[in-house]
DNA sequence: CCAATACATGAATACTTGATCATATATTAG
DNA sequence: CTAATATATGATCAAGTATTCATGTATTGG
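Protein chains in written order, with our numbering: chain A, 1 to 122; chain B, 1 to 122.
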């Protein structure tokens with residue numbers, strides 16, 4: 001159901017498409033792969049539990065037990081979501097005995113949240 | 001299954017929880033409502049189709065038809081996702097006859113993407 | 001060594017959600 | 001008015017996902 005029509009010469013005659021604007025946008029847009037990765041990062045931040053975890057880690061590293069107490073979820077749920085955050089490279093952790101201390105992986109994450117907050121807080 | 005124990009005086013004796021760090025984090029963390037809204041915004045940006053739409057609109061307004069051509073999705077899918085973006089206040093639109101021109105709702109959105117890109121592009 | 005603690009993880013389930021299909025509305029050309 | 005165009009939207013459905021439950025691994029105190 002493409003919005004195009006074949007004319008007598010076999011060429012495409014577009015309808016309402018503004019070719020110039022479309023070409024211009026296509027030129028400056030990031031690659032599909034980059035946009036996909038970007039969407040993945042935002043998707044990971046787009047869950048309340050994970051958002052709470054990340055924002056709790058903004059100041060200092062915390063262990064799983066601290067995080068569980070802080071955000072009001074089960075230890076299992078926190079652990080599962082920490083793995084998601086780890087896999088996306090948003091948090092890292094170090095082990096000290098049987099305690100795992102989690103922290104944010106890089107400084108960009110703080111600025112992502114800050115930028116988002118500006119939109120949320122009007 | 002709370003990680004707490006009642007002791008003889010009826011008080012809570014925590015296990016590995018670092019009370020000081022937890023209290024400190026709790027103080028500076030945004031409210032649950034704010035974090036929830038923040039997660040919602042990121043969730044909306046966390047879909048490849050919507051991410052493509054938003055990034056296509058970074059430079060100038062585009063009509064639905066342009067967007068459909070640009071991002072390679074059906075008109076219906078684009079329309080549905082535009083509504084999600086509208087409801088979240090990420091895009092706005094104006095009608096000119098039967099054509100709807102969409103644009104980003106505020107400038108923060110660009111900075112959110114920029115911050116995210118810094119993480120994605122290492 | 002043994003029990004308790006801290007955390008991780010597989011399975012099952014309920015819930016969410018993005019795409020498609022069909023159709024509706026609105027505008028304009030003829 | 002009528003047909004075509006541009007967009008919106010409800011319903012359906014398949015795929016994804018967050019939580020819970022049960023259990024596993026690793027570390028440490030006694």
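The beta carbon of each residue, even a glycine, is placed where N, CA and C say it ideally should be.
Predicted model only: the values in this text are computed from it and were never measured.
Does the distance from the CB of residue i to the CB of residue j come in under 8 Å?
i: residue 63/B; j: residue 100/B; result: yes
i: residue 38/B; j: residue 110/B; result: no
i: residue 43/B; j: residue 46/A; result: yes
i: residue 54/B; j: residue 104/B; result: yes
i: residue 32/B; j: residue 119/A; result: no
Excluding the five sequence neighbours on either side, which residues of its own chain have a C-beta within less than 7 Å of the C-beta of residue i, listed in chain order?
i: residue 49/A; result: 71, 73, 77 and 81
i: residue 52/A; result: 71
i: residue 11/A; result: With a pLDDT of only 39 at residue 11/A, under 50, the local geometry of the prediction cannot be trusted, and no value is derived from it.
i: residue 75/B; result: 64 and 68
i: residue 56/A; result: 62, 67, 70 and 71
i: residue 84/A; result: 44 and 50
i: residue 79/B; result: 64
i: residue 18/A; result: none
i: residue 95/A; result: none
Need the endpoints of the alpha helix (DSSP H) that residue i sits in, please.
i: residue 94/A; result: Here residue 94/A belongs to no alpha helix (DSSP H); instead the beta strand (DSSP E) covers 91-96.
i: residue 15/B; result: Segment: none, residue 15/B is in no alpha helix (DSSP H) and carries neither H nor E.
i: residue 40/B; result: 32-45
i: residue 51/A; result: 48-56
Grab me the residues of residue i's own chain with a C-beta within less than 8 Å of its C-beta, minus the 5 sequence neighbours each way, in chain order.
i: residue 86/B; result: 92 and 93
i: residue 121/A; result: none
i: residue 1/B; result: Any reading at residue 1/B needs caution, since the residue's pLDDT is 31, under 50, leaving its predicted position unreliable; the model's value is listed next. There are no such residues.
i: residue 35/A; result: 29
Report the residue from the options whose alpha carbon sits nearest the alpha carbon of residue i.
i: residue 113/A; options: 68/B, 41/B and 24/B; result: 41/B
i: residue 66/B; options: 118/A, 32/A and 20/A; result: 20/A
i: residue 25/B; options: 106/A, 25/A and 68/A; result: 68/A
i: residue 60/B; options: 27/A, 97/A and 95/A; result: 27/A
Have a look at the DSSP bridge pairing and note the partners of residue i.
i: residue 104/A; result: 91/A
i: residue 63/B; result: 101/B
Below 6 Å CB to CB, which residues in the same chain sit around residue i once its five sequence neighbours on both sides are set aside?
i: residue 9/B; result: Reliability of the predicted coordinates at residue 9/B is poor, the pLDDT of 31 falling under 50, and the value obtained from them is presented with this limitation in mind. None.
Under 7 Å: does the beta carbon of residue i sit that close to some heavy atom of the ligand NAD?
i: residue 20/A; result: Judged by which ligands are present, the structure shown has none, so any question about the ligand NAD falls away.
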